[in-house]
Amino acid sequence: MTDRPLQVVQITSVAQETPSVRTFSFSPGFSFRPGQFVMVTIPGVDEIPMALSRADAITVQKVGDATAALFRAGPGDLLGIRGPFGNGYPSLGRTLAIAGGVGAAPLRPLVMSGTVGCLIIGARTADELLFLPEFRLKTNVMVATDDGSAGYHGLVTGLMKKVPLAEYDQVCVCGPERMMHAALQALDSAGIADRSFFSLHRYMKCGIGICGSCCIDPDGRRVCRDGPVFAGNTLIDSELGKYSRDASGRRKPV
Amino acid sequence: MRIEPRPVSVGGVTLSNHCILAAGVLGTTGSSLGRALANGAGGVVTKSIGPCPCDGHPGPCVVEVEGGLLNAMGLPNPSREFVDEVKPLAGKPVIVSIYGGNAHEFRMVAAWFEGIASAFELNLSCPHAAGYGAALGTDPLLVEECTRAVSSLGTPTWVKLTPNVADITLCGKAAERGGASAIVAINTVKAMRISTALKRPVLGNRYGGLSGKAVFPIAIRCVYELFEVCSIPIIGCGGISSAENVVEMMMAGASAVQIGTAVKDDPLIFRSIGTELYSDAGVPAESIIGCAHD
């Protein structure tokens, strides 16, 4: 191995994707599989897990101190990177992708690879729909917004009823916890939970499967190493949609 | 060299084999500890639990280095809520690791887990938490006082020692005087790496502890020294990643071992080591424990 505990990259550009989401491009990039993530160090602040939205980019929503610090960074600034880590999405053939909010980020490489036959994308408002123009160049896109400001007025699960789910070889999902839980129920009802793949996000410290902070109940699988992508049929009686754990390990309801 | 598979009882705990999951590794949740037991761990030590919930240090908390891992987690733990995590495992060989800032706090935390824990392991050795761990564990008088405060509750009490001292035997003997049922040696070796590109220490906490193969010779030396002067069992910990390492650690004086960092590359390592280590034609473990001493 090369004995470099932390790879350092330089931010090359920052794009404002939506009012709350920015894409940070950096150099050099990484070889990775769609759905894999990296541990990103904002020097002197903290380290956070972020999905790669491109080989050389992460797409970030401002949610806490570390992401706020990242939002103050610009071209020329340095970031630490460990990874890429995790399993990523499988490639089993004809794919339906379902994205909610910033959950479109880990699905972006999959859509841009041209293997996604249909994408259902949801957000709170039209403003928050991520990557829409480039997605439309690559696949058939169905839009849902909570407030009806674009596309279907309602949740992505409403649009799922209009799609022949069972015709797809795999369904790849990423979004807010409750949305993924609702999508899992719909896919289970359609009898294809075993062909659906969910990218989970949990608080992580190590990213390499050793510390245990991202383990999910009831079977103790590690989101960082056994995941972050899990088959839907293995999540049906899990903590998904019920609770997660914070940095201290205390359970917090979703 | 192989060992005959026999029931293992060390430091007041009945284990399913000689290899225990070390503290701080996959020990944050009950389900994760249960998975380690199902995957062949002879016993499991929990994440260290303290008097108050703690988020731990800012990241990076762990980085991979040549020969192991450098970590500064900062004792993240859910404190008393952890009782609900481990309750479903009661009756299994679960050793609850605890820490406190003084003897009173150690006793208070231990009392929460009475009747649930098979044993306590006192973290008097974490090298990177101000006011805790090695801050107490480098002073033999405090080691003895904290050990006595917990061992007097009546549950077997193991004491995990830091190698970051001039003479580890002083702390080992202090634990023994305090009523420890076993000594665990060693915790991580205080260490640091610097990112040359960022011109700053790599870890969020700057200082951390080194674990993994790189520290195995240090662990062997510490166990060997402790075996010379202590009469309670020693549990060897530090860089063990093979059955051969287990045998070597036993020859240094360990009655059982703990495995941590090696789980990263092989979550099923307890099974693979067990397959290598045990044989019906093997020797009794007792015949090799400490056999490298004159």
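Top line first, the protein sequences correspond to chains P and H. Sequential numbering from 2 applies to the first sequence in this note's numbering. Sequential numbering from 4 applies to the second sequence in this note's numbering. Every residue, glycine too, gets a C-beta built ideally from N, C-alpha and C.
* Determine, using beta carbons only, whether arginine 196 of chain H comes closer than 8 angstroms to chain P. => yes
* Asked: If you pair each beta-carbon of the stretch 81-88 of chain P with each one of the stretch 97-114 of chain P, do three or more pairs fall below 8 angstroms?
  -> no
* **Beta-carbon gap between isoleucine 189 of chain H and threonine 160 of chain H smaller than 8 angstroms** => no
* May I have the straight-line CA-CA distance separating glutamine 11 of chain P from leucine 201 of chain H, to the nearest angstrom? => 11 angstroms
* Asked: Which ranges does the alpha helix (DSSP H) cover as unbroken runs of at least 4 residues, wholly within the stretch 28-106 of chain H, from first to last along the chain?
  -> 33-41 and 85-89
* Asked: Could you give the C-beta distance for serine 121 of chain H and isoleucine 101 of chain H, rounded to a whole number, given that I count them as a contact under 8 angstroms?
  -> Not confirmed; about 13 angstroms, so no contact.
* Same chain only: Cβ atoms within 8 angstroms of glycine 134 of chain H, ignoring 5 sequence neighbours per side -> Gly104
* Please check if any C-beta of chain H sits within less than 8 angstroms of the C-beta of proline 219 of chain P. => yes
* Are any of the Cβ atoms in chain P nearer than 8 angstroms to that of glutamate 67 of chain H? -> yes
* To do: Just the chain P side, please: which residues come within less than 7 angstroms of methionine 76 of chain H by C-beta, in chain order?
  => Lys206 and Cys212
* Is the stretch 4-21 of chain H touching the stretch 280-295 of chain H in the sense that three or more CB pairs, one from each, lie closer than 8 angstroms? -> yes
* Answer with yes or no whether the minimum CB distance from cysteine 149 of chain H to chain P is below 8 angstroms. => no
* Asked: Is any beta-carbon of chain H found at less than 8 angstroms from that of leucine 241 of chain P?
  -> no
* Go through the stretch 147-186 of chain P residue by residue and report every complete run of the alpha helix (DSSP H) that reaches 4 residues or more, in order. => 157-161
* Find out if the Cβ-Cβ distance for the pair methionine 111 of chain H, proline 56 of chain H is shorter than 8 angstroms. => no
* Assumed close pair isoleucine 197 of chain H, alanine 246 of chain H - CB separation to whole angstroms, cut-off 8 angstroms -> Between alanine 246 of chain H and isoleucine 197 of chain H the Cβ distance is about 36 angstroms, and since that is not below 8 angstroms, they are no contact.
* Taking only beta-carbon atoms, is serine 19 of chain H less than 8 angstroms away from chain P? -> no
* Closest by CA to histidine 296 of chain H, which one among H:Gly263, H:Val226, H:Leu271 and H:Ser184? -> H:Val226
* phenylalanine 31 of chain P to glycine 15 of chain H, Cα distance in whole Å? -> 50 angstroms
* Specify the secondary structure class of methionine 143 of chain P as computed by DSSP and reduced to three states. => strand
* Bounding residues of the beta strand (DSSP E) (the contiguous stretch that carries tyrosine 244 of chain P) -> 244-246
* Proximal residues of chain P, C-beta to C-beta of threonine 32 of chain H below 8 angstroms -> Gly213, Cys216, Asp218, Gly221, Arg246 and Gly250
* Asked: Are the beta-carbon atoms belonging to isoleucine 211 of chain P and valine 28 of chain H less than 8 angstroms from one another?
  -> yes
* Asked: Going by other Cβ atoms of all chains shown within 10 Å of its Cβ, with 16 needed for buried, is histidine 60 of chain H buried or exposed?
  -> buried
* Quick one, are the C-beta atoms of leucine 120 of chain P and alanine 145 of chain P less than 8 angstroms apart? -> no
* C-beta neighbour in chain P for cysteine 64 of chain H, strict 8 angstroms -> yes
* **Simplified DSSP state of tyrosine 281 of chain H, which is helix, strand or coil** => strand
* Asked: Quick one: is asparagine 80 of chain H near chain P, going by C-beta distance under 8 angstroms?
  -> yes
* Three-pair Cβ contact test at 8 angstroms for the stretch 58-77 of chain P versus the stretch 17-24 of chain P -> yes
* Kindly give me the distance between the Cβ atoms of proline 76 of chain P and threonine 13 of chain P, rounded to whole angstroms, as I take these residues to be in contact under 8 angstroms. => 6 angstroms
* Asked: In three-state terms, what does DSSP make of arginine 95 of chain P?
  -> coil
* Asked: Does the pairing of the stretch 75-93 of chain H with the stretch 229-237 of chain P give three or more beta-carbon distances under 8 angstroms?
  -> no
* **alpha helix (DSSP H) segment containing serine 154 of chain H, residue limits** => 143-154
* Which of helix, strand or coil DSSP assigns to isoleucine 276 of chain H -> helix
* To do: Look at the alpha carbon of leucine 111 of chain P and the alpha carbon of aspartate 78 of chain P, and state the distance between them as a whole number of angstroms.
  => 28 angstroms
* For alanine 259 of chain H, the three-state DSSP class (helix, strand or coil) -> strand
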